[in-house]
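Residue numbers for the sequence shown follow my numbering, beginning at 5 and rising by one.
Note that beta-carbon positions come from the ideal geometry of N, C-alpha and C, so glycine has one too.
For reference, the structure discussed in these notes is given below.
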Amino acid sequence: MVPSGRKRLPGFTLVEMMIGGTIGSFVLIGVLSTFLFLGRSGANLSAYTTMDAQTRRALEDLSQDLRMASGITWNSNSSITLTVPDNYTSNANQVTYAWGTTPNSTTFHYFYRMPGTASSTATSTRYIANVTSLTFSRFDRLNVTATTDAETKRIQLTTTISSSSSTVPAATDTTISASFVLRNKLSL
Numbered sequence: 005m006v007p008s009g010r011k012r013l014p015g016f017t018l019v020e021m022m023i024g025g026t027i028g029s030f031v032l033i034g035v036l037s038t039f040l041f042l043g044r045s046g047a048n049l050s051a052y053t054t055m056d057a058q059t060r061r062a063l064e065d066l067s068q069d070l071r072m073a074s075g076i077t078w079n080s081n082s083s084i085t086l087t088v089p090d091n092y093t094s095n096a097n098q099v100t101y102a103w104g105t106t107p108n109s110t111t112f113h114y115f116y117r118m119p120g121t122a123s124s125t126a127t128s129t130r131y132i133a134n135v136t137s138l139t140f141s142r143f144d145r146l147n148v149t150a151t152t153d154a155e156t157k158r159i160q161l162t163t164t165i166s167s168s169s170s171t172v173p174a175a176t177d178t179t180i181s182a183s184f185v186l187r188n189k190l191s192l
């Protein structure tokens with residue numbers, strides 16, 4: 005209560021300041037949460053974009069070599085060697101596509117292309133980084149799973165790529181390619 009004869013000075017009471025501070029804190033928490041959410045979403049979007057671009061480039065080069073290949077050697081479910089006429093002439097027209105650690109790296113798993121056979125020491129071209137699994141599937145001309153190199157007429161690739169950061173959850177992308185026909189290869 006204001007004593008008579010004295011005017012009340014304009015200002016905020018302690019209760020008004022506490023309510024204003026509480027509301028301001030909630031608004032600030034909301035703004036910071038939104039900022040962090042958008043930052044993490046942007047980082048994941050960037051990771052997915054990078055993985056997609058790497059996969060697209062790898063599949064373009066692989067499909068071109070597969071379509072031109074006149075022969076295939078099945079090294080394992082994660083490695084094939086192609087004979088591509090008029091390409092890779094310094095390596096007997098052979099090129100290997102594989103998954104694993106490249107000769108230059110022992111810690112990261114890549115999908116890579118290397119001129120020559122699987123035992124070659126040629127410089128490899130890394131296509132996709134952080135590959136957690138990769139499988140080649142092969143089929144004959146009737147779309148049945150092939151068991152020998154002679155009956156293989158089509159190849160399909162399945163990859164799982166994971167990109168992680170210390171600030172965002174892992175971004176994982178699984179890609180199943182189209183089935184590529186070895187047009188120049190005779191089959192049974």
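For residue 92, there is no enclosing beta strand (DSSP E), as DSSP marks it with neither H nor E. Nearest neighbour of residue 189 by Cα position, chosen from 49, 22 and 153, turns out to be 153. With 16 or more other CB atoms across the displayed protein chains lying within 10 angstroms of its CB, residue 157 is buried. Within the model, the alpha-carbon separation for residue 159 versus residue 29 is close to 59 Å. Relative to the Cα of residue 126, the nearest Cα in the group 133, 116 and 138 belongs to 116.
Within the same chain, and ignoring the five residues on either side of residue 142 in sequence, the residues whose Cβ sits closer than 6 Å to its Cβ are 150, 156 and 159. Residue environment for residue 135: buried (at least 16 other C-beta atoms within 10 angstroms of its C-beta).
Judged by their CB atoms, residue 184 and residue 44 are not nearer to each other than the 8 Å cut-off. Annotated as proximal: residue 175 and residue 48, with beta-carbon spacing under 8 Å. Between residue 73 and residue 87 a beta carbon distance of about 6 Å is seen, short of the 8 Å cut, so the two are scored as contacting. Residue 71 sits in a helix when the DSSP states are folded into three classes. By the neighbour-count criterion, in which a residue is buried when 16 or more other Cβ atoms sit within 10 angstroms of its Cβ, residue 69 is buried. Following the DSSP letters along the chain, one finds residue 145 in no beta strand (DSSP E), marked with neither H nor E. Residue environment analysis places residue 14 among the exposed positions, since fewer than 16 neighbouring C-beta atoms fall within 10 angstroms of its C-beta.
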